[in-house]
Amino acid sequence: MVARGEIFPLFCGSGRLTYGLQALLRKIVELCPSPREAQAELATRAGLDQMVELKADDDGPLAALVFKTTTEPHVGELSFFKVMSGQIDNGAEVVNASDQKPEKLGHLSISLGKERFEVQRLHAGDIGVVAKLKHTHTNDTLCSKDRPLQLEKIDFPKPDIAIAIRGATRNDDDKLGEVLPRLHEEDPTFVAEFNAELHQTIARGVGEVHLDILFERMRRKYNVNVETEQPKIAYRETITGTGEGQGRFRKQTGGRGQFGDCWVRFKPLPRGQGYAFENSIKGGVIPGKYIPSVDRGIQEAANRGILAGYPLVDFTAECFDGSYHNVDSSDIAFQLAASLAFNKIVPKARPVLLEPVLEVAVTTPDEYVGDIMGDLTQRRGKVLGMDPNAGRTVIRAHVPEAELYKYAAALRAMTQGRAYHTRSFISYERVPDHEANKIITERKQDKEEVHA
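Position 25 of the sequence shown, counting from 1, maps to 11 under our numbering, and the rest follow consecutively.
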């Protein structure tokens, strides 16, 4: 019944204090199916797009899935894998099915807690560990060279809870670039990267507790301490009206001067359309070689924004008239002219601020539905609907990203830890005017402090 998924035994214990572990291990042996009784694993024959079923059979083709990677001092990288089919001898040469690169499995071992014991052979169903594989990572398949097989990859949860981190000291900051990729290798549900726009390193995990555990591991294992802060929001700007006008740049310094002159029309585009440039010049009033410079000047100005320094998106710029000088005109002159046109016209085209909006799905016991919906509304959320099912309800809503910082903790407090949520990006939407005014003011104050 356990093998068929009809009964799910529940055991109490403590991993930290080792209470109940022996009883758990005995029941795993007693109740759980052996690898030979498990369902067949699906694999793809490399290059043939052909699916095959693999049973836990020593006589079958070799296929072993690397499900975990970790690092130990004085040892290096350790790869944990399960032999789904076939058998592996100590010192065997295999290939990574992803790129057909060879690997030698020296010092083949099994792991018991923190200890490892070298073995001469691993059989189908065994879990092994090997050190210092050169080309292999988590979710890769090890197989024989003459019969390459790719096992289905583990579908890891999407890391969607974000927090900004920085090293507690300059030394810690210097180590982050080396340590963060290692943590991702050990735990694929953790990702971290530097966001050049926000000037922050953004770490993402599947939950706030998950991130706290990883930061503690970073401190304990790699001696790197981090400080956390709220991630900045990647706002955008756009226009809601149209406008047209002239951008003219002229500079004379005694020798050859600089001259560029363009007339540009700006119009809004539907949300998510990005940027489009139209060349409507007739009669060669601006030579074709300078048109890309007009386009480039507008894009550079758009990246600097007009309201609060956020990139301007979802608009079209049409260059329809202008003039040039045979001697003084140049690429840089037309770039500057286009930038002047942008800065003069866009403020008159009713610019507004946009914010990222996420789709949030909260799964909760029915008794907390009212509290959660009220909280989402206070966070400027729009409830889309509810799906009740056997005492639990899934609430779907669109909520601005700026309102979701530490939401997991708030949800735990509201529901005694009985609810959870997922989130995903949907679109950029207009920020209400009263909120936009606060954001613009704070942004300007931040810039003044930086330049002070």
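C-beta: ideal position from N, C-alpha, C; glycine also.
Residues of its chain near residue i, where Cβ-Cβ distance is below 8 Å and the 5 sequence neighbours each way are ignored
i: D85; result: H121
i: K433; result: G295
i: F53; result: F66, F67, K68, T124, N125 and I140
i: Q364; result: none
i: V105; result: N76, L94, S95, I96 and G114
i: E89; result: E79, V80, V81, N82, L119, K120, H121, T122 and L128
Local Cβ density within 10 Å of residue i, reported as buried at 16 or more and exposed below that
i: K118; result: exposed
i: C18; result: exposed
i: Q136; result: buried
i: F301; result: buried
i: L162; result: buried
i: N82; result: buried
i: T350; result: buried
i: R407; result: A small fix is needed here, since residue 407 is His in this sequence, not Arg. With 16 or more other Cβ atoms within 10 Å, it is buried.
i: P478; result: Shown here, the chain extends from -13 to 438; a query on residue 478 therefore has no answer.
i: P134; result: buried
i: Y5; result: exposed
i: Q321; result: buried
i: I(-7); result: exposed
i: T226; result: exposed
i: D247; result: buried
i: F235; result: buried
i: G99; result: exposed
N- and C-terminal bounds of the alpha helix (DSSP H) containing residue i
i: I318; result: D317 to I331
i: S266; result: Segment: none, S266 is in no alpha helix (DSSP H) and carries neither H nor E.
i: M359; result: V355 to Q364
i: F306; result: Where F306 is concerned, there is no enclosing alpha helix (DSSP H), although the beta strand (DSSP E) it sits in stretches over F301 to S309.
i: D158; result: R156 to E172
i: K13; result: L7 to L17
i: F400; result: Residue identity differs from the one stated: residue 400 is Met in this sequence, not Phe. Here the alpha helix (DSSP H) through M400 covers Y393 to T401.
i: R282; result: I277 to R290
CA-to-CA distance, residue j to residue i, given in whole angstroms
i: S309; j: V271; result: 5 Å
i: S71; j: A24; result: 12 Å
i: K253; j: I426; result: 23 Å
i: A29; j: G229; result: 59 Å
i: H384; j: G356; result: 17 Å
i: I381; j: E353; result: 13 Å
i: A110; j: P167; result: 31 Å
i: R31; j: T379; result: 42 Å
i: E58; j: Q216; result: 32 Å
i: R251; j: G291; result: 17 Å
i: E63; j: D173; result: 13 Å
i: V38; j: S130; result: 15 Å
i: P273; j: L197; result: 56 Å
i: L340; j: R366; result: 14 Å
i: N157; j: H60; result: 22 Å
i: L108; j: R409; result: 41 Å
i: A395; j: I284; result: 43 Å
Residues of its chain near residue i, where Cβ-Cβ distance is below 6 Å and the 5 sequence neighbours each way are ignored
i: K41; result: A26
i: L255; result: D300, F301 and T302
i: T214; result: I149 and I151
i: Y276; result: F320
i: R404; result: P351
i: F328; result: I284 and A287
Where the beta strand (DSSP E) containing residue i begins and where it ends
i: P386; result: R378 to P386
i: S97; result: S95 to L98
i: F53; result: A49 to E58
i: S413; result: Y406 to R416
i: I(-7); result: Counting along the chain, I(-7) falls outside any beta strand (DSSP E), and DSSP gives it neither H nor E.
i: K68; result: G62 to S71
i: R190; result: Q186 to G191
i: R102; result: E101 to E104
i: A117; result: I113 to A117
Beta bridge counterpart(s) of residue i as assigned by DSSP
i: K237; result: Q244
i: K87; result: DSSP output for K87 lists no bridge partner at all.
i: N375; result: R378
i: V212; result: G153
i: M37; result: T30
i: Q136; result: T30
i: G229; result: F252
i: C129; result: A49 and V81
i: Y296; result: DSSP output for Y296 lists no bridge partner at all.
i: K368; result: H384
i: Y261; result: F301
i: E202; result: Looking at the DSSP assignment, E202 forms no beta bridge with any residue, so it has no partner.
i: S20; result: Looking at the DSSP assignment, S20 forms no beta bridge with any residue, so it has no partner.
Chain-order list of residues whose beta-carbon lies under 7 Å from that of residue i (same chain, five-residue window excluded)
i: M204; result: V165, L169, V210 and V212
i: V177; result: P145, H170 and R190
i: A(-11); result: P19 and E23
i: S266; result: E304, C305 and F306
i: E16; result: none
Residue i: CB within 7 Å of a non-hydrogen atom of the ligand HEM
i: V210; result: The ligand HEM is not part of this structure, which contains no ligands at all.
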